[in-house]
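Protein chains in written order, with this note's numbering: chain A, 83 to 291; chain B, 83 to 291.
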């Protein structure tokens, strides 16, 4: 419902739901999912409780919409930007840089946290979010596989394990990286992309481990 | 208080507090921190509420004790096992393997989740846990620095960025890895240790990225 296809105009209800998601994410982040009531969220958004229920039918559904929005942002900001790139290496490198940018920019921190932390989403909705996460993993696996084939030789690691290593490195950034610290984002992004490509394709140093 | 120094005998109250932590972690994991009451936890442990308060003074303190126990497990199982290893590479490799084992074994899953997810721990106690996490990061940075020096040449990534890349790869495992799946733990551990060492020390493949 909230899904916005790049290129298509976004309706007013979609825009409003996104605004609700951003604010609600902040409230959940501060008070905890269980600790925040729909009343708290309505107040933060500037709606009556009935007005909030007009946009989203339950707290569980709201949590789902926030997670879905997090995946939309990934599609719209990271994947849309690399869709025109033909070369697998360059496409993978730009995906890494874009995903890092998404995780470290403060604007969507609360959404990132909610997307990745273990919250009490009911099974049916959790299944839908997991399916979207799975499609992104498959996109990465596929790209990694192409990069390995392009480079020739035996793959050094399975595309699946490499994809999750990448997701771990990048998604973990929200736990420790602060943009105001000494390492700036371009330096971070380059260091991590280079590290990943060495891990994927590099020759182990000759002194042997 | 709960801290157990390897080699020293553990007192009965320490053992009991650990048992409480393990059970409480499961209750928090299932009901959410805000959703679980001290009464729920007392019931799960088989104590009266007064009996539970005899061991731990508040819910906030209990959350802290669970996180502290998580760090104890890291000290006692991962770090104690590598303390006798002199060679930095081998020490780092065994640390990676030990840390992976800690994250993927189901026994302490709930504790791992609670240790890493963003929960409402009050500032003073959060500071103590963060100090313990920081010491582990410093241990890794220091070891990585030694490995880089041993290998000679310019370091390819700062020890700090490499340490967090490693923590991301390994700690993220709880999000996706299932021991009953097709990739068994020894294969996973070797693939990730090799990947990390290539990322740290490897030569980028000649075709250039």
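Just so it is clear, CB atoms sit at the ideal spot from N, CA and C, and this is done for glycine as well.
Requested in this report: Taking C-beta pairs closer than 9 Å, name the residues in chain A that residue 253/B reaches, listed in chain order.
Outcome: 250, 254 and 257
Query - Assigned secondary structure, residue 163/A (DSSP; H/G/I helix, E/B strand, else coil) - result: helix
Report task. Name the two residues that bound the continuous alpha helix (DSSP H) containing residue 186/A. Result -> 170-186
Report task. Go ahead and pull the three-state DSSP assignment for residue 285/B. Result -> strand
Report task. Enumerate in chain order the residues of its own chain whose CB-to-CB distance from residue 163/A is below 8 Å, with the five nearest sequence positions on each side excluded. Result -> 176 and 180
Report task. Please state whether DSSP places residue 111/A in a helix, a strand or coil. Result -> helix
Query - residue 263/A versus residue 269/A - alpha carbon distance - result: 12 Å
Report task. May I have the straight-line CA-CA distance separating residue 183/A from residue 271/A, to the nearest angstrom? Result -> 8 Å
Report task. Residues of the stretch 264-281 of chain B with a CB closer than 8 Å to any CB of chain A: list them in chain order, please. Result -> 265, 270, 273, 274, 275, 276, 277, 278, 279, 280 and 281
Query raised in the report: Is the Cβ of residue 221/A closer than 9 Å to any Cβ of chain B?
Result: no
Query raised in the report: Taking buried to mean at least 16 other C-beta atoms within 10 Å of its own C-beta, is residue 261/A buried or exposed?
Result: exposed
Report task. Could you work out which residues of chain B lie near residue 243/A, taking near to mean beta carbons separated by less than 8 Å? Result -> 265, 270, 273, 274 and 277
Query raised in the report: How many angstroms separate the CA atom of residue 267/A from the CA atom of residue 142/B?
Result: 35 Å
Query raised in the report: Along the chain, which unbroken stretches of the alpha helix (DSSP H) at least 4 residues long are found entirely within the stretch 221-255 of chain B?
Result: 241-253
Query raised in the report: With distances taken between CB atoms, is the gap from residue 259/B to residue 160/B smaller than 9 Å?
Result: no
Query raised in the report: Can you name the residues of chain D whose CB is closer than 7 Å to the CB of residue 247/B?
Result: This model lacks chain D altogether, as its protein chains are A and B.
Report task. Determine the direct distance from the alpha carbon of residue 101/A to that of residue 169/B, and round the result to whole angstroms. Result -> 54 Å
Report task. Count the other C-beta atoms from every protein chain shown that fall within 10 angstroms of the C-beta of residue 92/B, then say buried if there are 16 or more, exposed otherwise. Result -> exposed
Query raised in the report: Under a three-way DSSP split, which group does residue 118/A fall into?
Result: coil
Query raised in the report: Under 9 Å, do residue 203/B and residue 153/B count as touching if we go by C-beta distance?
Result: no
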